[in-house]
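Trainee: Residue numbers (our numbering): 12 to 110.
Just so you know, even glycine gets a beta-carbon here, dropped at the ideal spot from N, CA and C.
The structure displayed is predicted, hence computed values, not measured ones.
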């Protein structure tokens with residue numbers, strides 16, 4: 012399952028500092044790496060990837076870790092809220108792929 016960030020105009024990752032902006036304030040975390048507009052962040056015991064699609068949209072991928080479904084939903088909501096607060100409230104999120 013992937014989560015597409017449905018706003019290519021406001022959301023752009025251009026540095027480790029931009030990745031740090033995505034980490035929810037209430038969670039411990041850090042940007043792990045950045046390259047060519049993409050990167051990884053660690054939030055507590057999980058790793059999340061941010062990648063550019065063929066259509067120039069960003070997608071979020073849960074890379075590593077183990078969360079209950081409720082924890083996963085909470086982490087996603089916190090990440091979404093942080094992205095909106097940092098990059099614009101108009102940003103929407105769409106799920107794609109198999110669960």
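So residue 38 and residue 54 are supposed to be a Cβ contact under 8 Å. How far apart are they, rounded?
Mentor: Correct: roughly 5 Å between the Cβ atoms.
Trainee: Is it buried or exposed, residue 85, if we count other Cβ atoms within 10 angstroms and call 16 or more buried?
Mentor: Exposed, since its Cβ has fewer than 16 Cβ neighbours within 10 Å.
Trainee: So, helix, strand or coil for residue 84, using DSSP?
Mentor: helix
Trainee: Can the beta-carbon of residue 94 be found less than 9 Å from the beta-carbon of residue 33?
Mentor: yes
Trainee: Near residue 36, what residues of its chain come up, given a Cβ to Cβ distance below 6 Å and the 5 sequence neighbours on each side ignored?
Mentor: none
Trainee: In the region 19 to 78, which residue ranges form an unbroken alpha helix (DSSP H) of at least 4 residues, counting only runs that do not cross its ends?
Mentor: Positions of the alpha helix (DSSP H) runs, each at least 4 residues long and wholly inside the region 19 to 78, are given as 27 to 31 in order along the chain.
Trainee: Pick helix, strand or coil for residue 101, following the three-state DSSP scheme.
Mentor: coil
Trainee: So, for residue 57: in the same chain, excluding its five sequence neighbours on each side, which residues have a beta-carbon less than 6 Å away from its beta-carbon?
Mentor: 76
Trainee: Can you grab the Cα-Cα spacing for the pair residue 26 / residue 59, in whole Å?
Mentor: 16 Å
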